Every structure is written in C-alpha cells, then in structure tokens.
Amino acid sequence: MHNDYLLLIILQKMSDMWWLKISCPVCPASQRGEPTYWPHSGCSKTYSDDNDVKIDIDGNLFCNGCHLKDPLINWRFRCGKHDFEKLSNLANLLEVLQVMINMSKNISDQKKYATMVANISIMFSNNA
Ligand SMILES: [Zn+2]
Ligand SMILES: [Zn+2]
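When the count follows our numbering, it moves up by one through the sequence shown with no breaks and lands on 154 for the last residue.
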C-alpha cells in the first residue's frame, strides 16, 4: 500500500473523534450536573485544556495530552460525588452521551455517533 494512502486512512480515522462533553456518566440522572469537558486526571502531561479527553467512533477514550487511548469501559470517572468509579450502568452512560449527540447539528456526525453508541453497547455486553 502506498504511504500517502495509508496516511489518508489514518487521518480519516482520527477525524471520527469528538471532545467528550458530558455530565458525569456514573451519577444517576437525579444527581447529574451540566455537561463539561473531562480532563485526564492521571495525565503525564502538565495540565491544560489540551489534555481533555476525546471519544472515538469505536468507544475508546483518548487523552489529547498524553495520547493514552483505552476503551471507555476501562476508564474511571470522578466528580464531586464519588472518586474514580468505573462505569457500571450502560443506561446512565447512554443518556449523557445522548445529550452530547443532540448538541451536534452535523448530520455526518449524527450518523457516526449512532455507530459509536452501538459499539459502546457491544463493549458492555462483551464485558458482562
Ligand atoms: Zn458522578
Ligand atoms: Zn493524558
């Protein structure tokens, strides 16, 4: 395969990635605050807005600072109500993602988000 072609594929893959701007995905609906960006707490890079986390179409979270990439199911979330908890409730997660998805006016993104949600659901069922 020609290198330029490979680069193009990688760039396209990279573009299927969005800033994760959600309410806490661990908290139940009654305790949820406004959606916010999520910094990578254990980041090896000095903190700035640049090490907020993105989500890709496969349901991986990606730190923009240190480039750590791991399936969402392996990450732990911290908010004012709890300390670094793993995601245990798929319905909670899908609700907060749905809010993020609804904020996108981009039709192409909407279609890709649907794939992301399907991939996350599979991730959870494989982990059950
Ligand atoms: Zn929480
Ligand atoms: Zn990081």
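Using N, Cα and C, we set each Cβ at its ideal position, and we do this for glycine too.
Nothing here was measured: the structure is a model prediction, and the numbers come from that model.
- In its chain, beyond the 5 residues on either side, Cys50, Lys107 have a beta carbon closer than 8 angstroms to the beta carbon of Gln57.
- Here Cys92 really is in contact with Lys71; their C-beta atoms are around 5 angstroms apart, less than 8 angstroms.
- Where Ile127 is concerned, the enclosing alpha helix (DSSP H) starts and stops at 116 to 129.
- Take Val122, set aside five residues on each side of it, and the residues of its chain with a beta-carbon closer than 6 angstroms to its own are Ile48, Ser49, Pro51, in chain order.
- No residue range can be given for Asp78, since it is assigned to no beta strand (DSSP E) and is classified by DSSP as neither H nor E.
- A direct Cα-to-Cα measurement between Met149 and Gly85 gives close to 8 angstroms.
- Applying a distance threshold of 6 angstroms between residue Cβ atoms and the heavy atoms of ligand 2 selects His66, Cys69, Lys71, Asn77, Cys89, Gly91, Cys92, Leu94, given in chain order.
- Minimum Cα-Cα distance from Gln136 among the listed residues Ser67, Tyr31, Asp42 corresponds to Asp42.
- As the crow flies, the alpha-carbon of Ser151 is around 13 angstroms from that of Leu113.
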